[in-house]
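Everything on this sheet refers to the single structure shown next.
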Amino acid sequence: PKVDTANPLRALAERAWLRALEHLELGGENITDTASPLTVLGLTPVGLVTKFARDYQIDGIIMHNTLSCRIVPFGQAHIRNVLPRYLDIPVTFFESDMSDPRSWHDIRIKMQLEAFIEMVAARKERRVRQP
């Protein structure tokens, strides 16, 4: 919304209030969401992922926790804990360091992701069979 230059303080307060309402509507609930760089765009990590999950009807979420860059995975643990409560969508993440290849373990990560994909497929199959 445009800022009313005749009363800019009121316009900013209204805009902050509308963002807070949208934040809560999309599932955000704490500082992990409000401190995100996405808030500059009027989005939050949980809110953005919730919106995508609903829009694209996803069955599960896999995230990469980048150990050497703390801004990239900001809020992932919160998303992993909160999103299943709101949408009943399983979430997992694997870790590695983009600047240190020693933290990448092909077998371990492949096993983790395969187990997660099998679990998502089984959940989807159960939902299809339920009346």
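The opening residue of the sequence shown carries number 2 in the working numbering; numbering runs sequentially from there. Don't be surprised by glycine CBs; every beta carbon is placed ideally from N, CA and C.
Inter-residue spacing [alpha-carbon to alpha-carbon] between residue i and residue j
{"i": "residue 47", "j": "residue 59", "result": "15 Å"}
{"i": "residue 131", "j": "residue 104", "result": "41 Å"}
{"i": "residue 70", "j": "residue 102", "result": "14 Å"}
{"i": "residue 108", "j": "residue 51", "result": "30 Å"}
{"i": "residue 8", "j": "residue 110", "result": "55 Å"}
Span of the beta strand (DSSP E) around residue i
{"i": "residue 82", "result": "Note, residue 82: premise wrong, no beta strand (DSSP E); alpha helix (DSSP H) at 77-88."}
{"i": "residue 63", "result": "62-67"}
Under the three-state DSSP convention, the category residue i falls into
{"i": "residue 99", "result": "coil"}
{"i": "residue 7", "result": "coil"}
{"i": "residue 14", "result": "helix"}
The ligand PLP heavy atom lying under 8 Å from the CB of residue i
{"i": "residue 117", "result": "The ligand content of the structure shown is nil, which means the ligand PLP is not present either."}
Residues that DSSP places opposite residue i in a beta bridge
{"i": "residue 94", "result": "64"}
Start-to-end residues for the alpha helix (DSSP H) that takes in residue i
{"i": "residue 113", "result": "107-130"}
Cβ-based burial, residue i [other Cβ within 10 Å; buried from 16]
{"i": "residue 54", "result": "buried"}
{"i": "residue 83", "result": "buried"}
{"i": "residue 129", "result": "exposed"}
{"i": "residue 106", "result": "exposed"}
{"i": "residue 49", "result": "buried"}
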